[in-house]
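Q: Each position in the sequence shown, counted from 1, maps to that position plus 1283 in the numbering used here. For glycine and all other residues, C-beta sits at the position ideal for the given N, C-alpha and C. The structure presented is a predicted model; accordingly, all values stated were derived computationally and were not measured. Please read through the structure below; I'll follow up with questions.
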Amino acid sequence: MIIGGGVGGGAIAFHLAELGETDVVVVERNELTSGSTFHSAGLVGQLRSSLPLTRMMMHSVETYRRLEAMGAELGTAPGWTEIGSLRIASSDERMEELRRQHGWSKTFGLGMELLSPTECQERFPLMTLDGVRGGIFLPTDGHLDPSSLTNSFFAAAKQLGVSVHTHTRVTGFGVQPANSGRGTRVTRVDTDQGSIECEAVIAACGMYTTEVAALLGVTVPIVPMAHQYLITKPIEGVTSDLPSMRDPDNLVYFRNQGGGLVAGGYERNPAPWSLHGVPRDFNYRLLDEDWDRFAPLMESAITRVPAIEQAQIIQLLNGPEGFTPDNEFILGPSEVDGFFVAAGFCAHGIAGAGGVGRVMAEWVLDGTPSIDCWKMDIRRFGGAYSSRDFARDRTVEVYSTYYDIHYPNEERQAGRPLRRSAAYPALAALGCSFGEKSMWERPNWFEPNAKLNVGIDLEAQRPHGWAGRHWHPAIAAEAIMCRRAAAIFDESSFAKLRVEGPTALALLQRLCDNDIDRAVGSIVYTQLLNDRGGIECDLTITRLGDDQFQIVTGTAFATHDLGWIRRQAARLAEGAGATITDVTAGASVLGIWGPLAETIVQQLTDTPLAQASFPYLTAQRCSIGPVPTLASRVTFVGESGWELMCPTEFGATLWELLFEAGRDHQLVAGGYRAIDSLRLEKGYRVWGADVTPDDTPDEAGLGFCVNLDHGDFAGREALLARRADGGPAKRLACLVLDDPRTVAMGSEPVRSNGGEILGRVTSGGQGHATGTSIAYAYVPTELAVLGSRVDVEVFGDWAGATVSAVPHDPKGLRVRA
Ligand SMILES: Cc1cc2nc3c(=O)[nH]c(=O)nc-3n(C[C@H](O)[C@H](O)[C@H](O)COP(=O)(O)OP(=O)(O)OC[C@H]3O[C@@H](n4cnc5c(N)ncnc54)[C@H](O)[C@@H]3O)c2cc1C
């Protein structure tokens, strides 16, 4: 069952039917397209900041071409017009961004062109050249008529057997206990025309989704925002082949329509709308023209395209659209079994619908989409988003800065600080510069550390260009001191999950590629794989008792990993006797690492800490001073030391004890930016960047975690099949760039010496302690050998790099020191 007759619902219905699932009913409370879809500007742009999202947009374009060709057969066509799109730079910084995007586009095979100012004007003769530095042109972008697209989707779906009921409003749901015995499962949809039994429900209700999902108790943080564009009467010089044009520095975009122009943009003073519920009768309706709010955009539009000043205005169209707190779609399965969401398209629903239709159909039918959708996954949001005000503040912030250049490591400000660890006041007193992840305030670096005397000119390490913007010399100082003496990090935000009960071990053995059946106190680094052998989770598991396990995973992955494990548990017999709980809030975690870490901690405990009695990858309960602690000898920085976990109420005391004990041992407080530098040097992977559901452990260089002898675990067959088929064709390689201050930050193309594009950077940065610039990228296996020369494109320039061993401790001697 699909709820919603907009472009989202239509695309999902079509893709489900194409994949063979024709027992599909669509219900729409009014007429098809009567939500946000009918008033869209219809622009379709493909290049996005992430690989999966760009792939989705590319699939949209393929689908729209196909539907256009099917026009005669369907009796309707989307009006797909593939005339390309131009994005211009009106500042030097923007030109740098466009060069970077031009680089990314090569890894997608999108055929994007980099243009000079006059070449831009040749493509779009009505524009002025004031301040224009250049532009990029993507020939396969275009525009269409949103209502016709939606009608085409529904016509094609109906042809394949889907049934569509308009004027049918969903009023409630029926649920039963979930098969797993945990939570509920949706089994029935109630409408004002009667009830329908169903196995799966997809809420594709645009800005109305929040209310529909709330009927089931599911939080979907979508904020309706008024969004405007101007439509003019015909203007001389506007031809039907005039491409769309975006001028993000001036916050405006243009496209041709009926010989005139459509001009819209993103205002600095956005207008959230009807926050306490979309009116019952809000269909085929618009909001009043808001000229005051549009005035700055109008001024920008006239500056860039002077012909608009004299043009006759047909309408200032003001329509609401569902935006989200991070400007990404909200897709995927909710905590109620069988209830999926596909909404919050943030003014990209037309461009995205084809891709959304495909991934949602796969998600419902196969259990996972074929593209890594984590950044769009509904599970990325935590509990704070059930607050309307909080969701609104975050959404307003991203909307008002939509066209800004978003430099890597930029921090959002709205709604902060929210989640604060026990050590937070102590960190603040030390001059901490905080960053935010999943609403946790986390240390990025400590300002005073910039003055530490580490024997080198730290400022001289500042990276060139963008990478040098959100950079601080303290980051380098902290990383260097961790290698030389010791550093302490507040990692309380780490997600902690408990898996307990008689079948806990059996369940984990089914889910993990590594063998979890080890002695109590063992710590195992493992991946959880999907049926394709791709990495769904990457985490450590500590055996606390025969039937009790603790998982530690990244701050942002709590809901994702918890959701994955619970869903697998629900379909496996082993899941019946295991409880899975998020215990993140219950414990503070402090990481202390470096050659002097043992000396520092030993002052505070009678537990012998030397490797002989407390080996690497083991955990012991001990008292650190009076603080009851679970000490785990693991590291994410490549140095000997511990993650010390204690009940939250002891966290402040633990920080004070350790910091004081380290005073005579050069202990420094460190932040996450130093951790990132240290982990890059050691080659530790980050899930979502270096390893994703599209990569197998063998490809990711994590084959050492795969234990094939511990039974039939998820993904085992796929791994075996791939190994039998000649092994991985690509491998994650460590690239060390020739110039330590030329720094890749992710997504940059990598080419062979012969010039062929091989892949893209998954993550990169500086290794401060080794004076290196490091990037990771999947490259063909034959090139993933030490000494291979490749190039990485950093802002339009190809920088030489060598496939290298990880710069720090490749043999792993220090973690066992
Ligand atoms: C001014 C403006 C310009 C835009 N320009 C562009 C653009 O150029 N390019 C682009 O890609 N995107 C653009 N968009 C965004 C795009 O229009 C939307 O993202 C897209 O239309 C959303 O589609 P949808 O199917 O999610 O939602 P909708 O079209 O809103 O459909 C949801 C449907 O669910 C139905 N529904 C709600 N509650 C119930 C219920 N209880 N029972 C049954 N049915 C229910 C509603 O009646 C509605 O028809 C623009 C949006 C605006 C406002």
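Please classify lysine 1516 as buried or exposed, where buried requires at least 16 neighbouring CB atoms within 10 angstroms.
A: Here residue 1516 refers to the residue found at position 233 of the sequence shown. Answer is exposed; the Cβ neighbour count stays below 16.
Q: Mind pulling the beta strand (DSSP E) runs of 3 or more residues that sit fully within the region 1944-1984?
A: The region 1944-1984 contains these whole beta strand (DSSP E) runs: 1950-1952.
Q: Note the first and the last residue of the continuous alpha helix (DSSP H) segment covering threonine 1882.
A: For the purposes of this step, residue 1882 is identified with residue 599 of the sequence shown, where counting begins at 1. Unbroken alpha helix (DSSP H) run through threonine 1882: 1880-1885.
Q: From the DSSP output, in three-state form, read off methionine 1722 for me.
A: Within the sequence shown, the letter at position 439 stands for residue 1722. Here methionine 1722 sits in coil by DSSP.
Q: Distance, Cα to Cα, glutamine 1442 vs serine 1478?
A: Residue 1442 sits at position 159 when you count from the first residue of the sequence shown. Residue 1478 sits at position 195 when you count from the first residue of the sequence shown. Distance between the alpha carbons of glutamine 1442 and serine 1478 is about 24 angstroms.
Q: Let me see if you follow: with CB-CB separation under 8 angstroms, is glycine 1804 close to chain B or not?
A: Of the chains in the structure shown, none is chain B; there is only one protein chain.
Q: Beta-carbon separation of leucine 1648 and glutamate 1304 under 8 angstroms?
A: Indexing the sequence shown from 1 puts residue 1648 at position 365. Indexing the sequence shown from 1 puts residue 1304 at position 21. Cβ distance < 8 angstroms, so leucine 1648 and glutamate 1304 count as in contact.
Q: Taking 7 angstroms as the cut-off, is the beta-carbon of histidine 1322 closer than that to any non-hydrogen atom of ligand 1?
A: Taking the first residue of the sequence shown as 1, we reach residue 1322 at position 39. Because some heavy atom of ligand 1 lies under 7 angstroms away, the Cβ of histidine 1322 counts as near it: yes.
Q: Say whether the region 1942-1960 touches the region 1878-1893, bearing in mind that this needs 3 or more beta-carbon pairs closer than 8 angstroms, one atom from each stretch.
A: Taking 8 angstroms as the limit for Cβ pairs, the verdict is that the region 1878-1893 does touch the region 1942-1960.
Q: May I have a chain-ordered list of the beta strand (DSSP E) segments no shorter than 3 residues that lie completely inside the region 1573-1636?
A: The region 1573-1636 contains these whole beta strand (DSSP E) runs: 1596-1606, 1613-1616, 1622-1626.
Q: Could you give the distance in angstroms between the alpha-carbon of threonine 1901 and the alpha-carbon of valine 1969?
A: Along the sequence shown, read from residue 1 onward, the residue named residue 1901 stands at position 618. Along the sequence shown, read from residue 1 onward, the residue named residue 1969 stands at position 686. So the alpha carbons of these two residues sit roughly 22 angstroms apart.
Q: Give me the Cα-Cα distance between tryptophan 1574 and aspartate 1413, rounded to the nearest whole angstrom.
A: Walking along the sequence shown from the start, residue 1574 turns up at place 291. Walking along the sequence shown from the start, residue 1413 turns up at place 130. Using only the alpha carbons, I get a separation of about 25 angstroms.
Q: Can you tell me the Cα-Cα spacing of tyrosine 1955 and serine 1431, whole angstroms?
A: What you label residue 1955 is simply residue 672 of the sequence shown in a count that begins at 1. What you label residue 1431 is simply residue 148 of the sequence shown in a count that begins at 1. Looking at the two C-alpha atoms, the distance is approximately 49 angstroms.
Q: Determine contact between the region 2051-2068 and the region 2017-2026, defined as no fewer than three beta-carbon pairs at a distance below 8 angstroms.
A: Output reads yes: the region 2017-2026 touches the region 2051-2068.
Q: Any heavy atom of ligand 1 inside 7 angstroms of the beta-carbon of proline 1429?
A: On the sequence shown, position 146 is the one that residue 1429 refers to. Within the cutoff, so yes.
Q: Alpha carbon to alpha carbon, how far is aspartate 1977 from arginine 1815? Give it in angstroms, no decimals.
A: Residue numbering aside, residue 1815 sits at position 532 when the sequence shown is read from its first letter. Residue numbering aside, residue 1977 sits at position 694 when the sequence shown is read from its first letter. Going from the Cα of arginine 1815 to the Cα of aspartate 1977 covers about 8 angstroms.
Q: Return the chain-ordered list of same chain residues with a C-beta closer than 8 angstroms to the C-beta of leucine 1788, the five sequence neighbours on each side being excluded.
A: As a working mapping, residue 1788 is identified with position 505 in the sequence shown. Within the same chain, leucine 1788 has close Cβ partners Ile1799, Asp1800, Asp1829, Asp1830, Phe1832.
Q: Cβ atoms of arginine 1312 and arginine 1465: under 8 angstroms apart, would you say?
A: The residue given as residue 1465 occupies position 182 in the sequence shown. The residue given as residue 1312 occupies position 29 in the sequence shown. No; because the gap between Cβ atoms is not below 8 angstroms, this pair is not in contact.
Q: Quick one: give me the first and last residue of the alpha helix (DSSP H) that leucine 1845 is part of.
A: As a working note, residue 1845 is residue 562 in the sequence shown. Looking at the DSSP string, the run of the alpha helix (DSSP H) that includes leucine 1845 is 1841-1854.
Q: Evaluate arginine 1338 with the Cβ neighbour count: other Cβ atoms within 10 Å of its Cβ, from every protein chain shown; 16 or more gives buried, anything less gives exposed.
A: Counting from one through the sequence shown, the residue named residue 1338 turns up at place 55. Flag for arginine 1338 reads buried.
Q: Report the rounded CA-to-CA distance for serine 1669 versus phenylalanine 1606, giving the unit in angstroms.
A: The residue labelled residue 1669 in the question sits at position 386 within the sequence shown. The residue labelled residue 1606 in the question sits at position 323 within the sequence shown. So the alpha carbons of these two residues sit roughly 15 angstroms apart.
Q: Phenylalanine 1420 lies in the beta strand (DSSP E); which residues open and close that run?
A: Taking the first residue of the sequence shown as position 1, residue 1420 is located at position 137. Element bounds for phenylalanine 1420: 1417-1421.
Q: Buried or exposed for proline 1562, please, with buried defined as at least 16 other CB atoms from any protein chain shown within 10 angstroms of its CB.
A: Locating residue 1562 in the sequence shown gives position 279, counting from the first residue. Exposed is the call here.
Q: Within its chain, find whatever has a CB closer than 6 angstroms to the CB of tryptophan 1749; leave out the 5 residues flanking it on each side and keep chain order.
A: In the sequence shown, the residue the question calls residue 1749 occupies position 466. Answer for tryptophan 1749: Tyr1690, listed in chain order.
Q: Return the bridge partner residues of methionine 1928 from the DSSP annotation.
A: On the sequence shown, residue 1928 is found 645 positions in, with the first residue counted as 1. In the DSSP output, where bridge partners are listed per residue, methionine 1928 has Val1872, Leu1913.
Q: Compute the minimum distance between the beta carbon of leucine 1845 and the heavy atoms of ligand 1, and state whether it is under 7 angstroms.
A: Translated into the one-based positions of the sequence shown, residue 1845 becomes position 562. No, since every heavy atom of ligand 1 falls outside the 7 angstroms radius drawn around the Cβ of leucine 1845.
Q: Can you tell me whether glutamine 1696 is buried or exposed, with buried defined as 16 or more other CB within 10 angstroms of its CB?
A: For the purposes of this step, residue 1696 is identified with residue 413 of the sequence shown, where counting begins at 1. So glutamine 1696 ends up on the exposed side.
Q: To the nearest whole angstrom, what separates the beta carbons of aspartate 1620 and valine 1469, a pair I think is in contact under 8 angstroms?
A: On the sequence shown, residue 1620 is found 337 positions in, with the first residue counted as 1. On the sequence shown, residue 1469 is found 186 positions in, with the first residue counted as 1. Indeed, because the Cβ distance is near 7 angstroms, the residues count as touching under 8 angstroms.
Q: Answer yes or no: the CB of proline 1526 versus the heavy atoms of ligand 1, is any distance below 7 angstroms?
A: Mapped onto the sequence shown, residue 1526 falls at position 243. Result no, Cβ not under 7 angstroms from ligand 1.
Q: Drop a sphere of 10 angstroms on the beta-carbon of glycine 1293, count the other beta-carbons inside from all chains shown, and report buried for 16 or more, exposed for fewer.
A: Taking the sequence shown and counting its residues from 1, the one referred to as residue 1293 is at position 10. The residue in question, glycine 1293, is buried, as its Cβ has 16 or more Cβ neighbours within 10 Å.
Q: As a quick exercise: from Arg1551, Leu1569, Gly1548, pick the residue whose alpha carbon is nearest that of serine 1557.
A: Looking up residue 1557 in the sequence shown gives position 274. Ranking the options by Cα distance to serine 1557, first place goes to Leu1569.
Q: Confirm, please, whether the CB-CB distance from phenylalanine 1622 to phenylalanine 1612 is below 8 angstroms.
A: In the sequence shown, counting from the first residue as 1, residue 1612 sits at position 329. In the sequence shown, counting from the first residue as 1, residue 1622 sits at position 339. For phenylalanine 1612 and phenylalanine 1622, no; Cβs fall outside 8 angstroms.
Q: Using a threshold of 7 angstroms, is the CB atom of serine 1319 nearer than that to any non-hydrogen atom of ligand 1?
A: Taking the first residue of the sequence shown as 1, we reach residue 1319 at position 36. Yes, the beta carbon of serine 1319 sits closer than 7 angstroms to at least one heavy atom of ligand 1.
Q: Going by DSSP in three states, glutamate 2076 sits in which element: helix, strand or coil?
A: Walking along the sequence shown from the start, residue 2076 turns up at place 793. Residue state, collapsed to three classes: strand.
Q: Alpha carbon to alpha carbon, how far is glutamate 1402 from glycine 2038?
A: To locate residue 1402, count along the sequence shown from 1; it is residue 119. To locate residue 2038, count along the sequence shown from 1; it is residue 755. About 26 angstroms.
Q: With DSSP run on the structure shown, which of helix, strand or coil describes glutamate 1939?
A: Locating residue 1939 in the sequence shown gives position 656, where the first residue counts as 1. It is helical.
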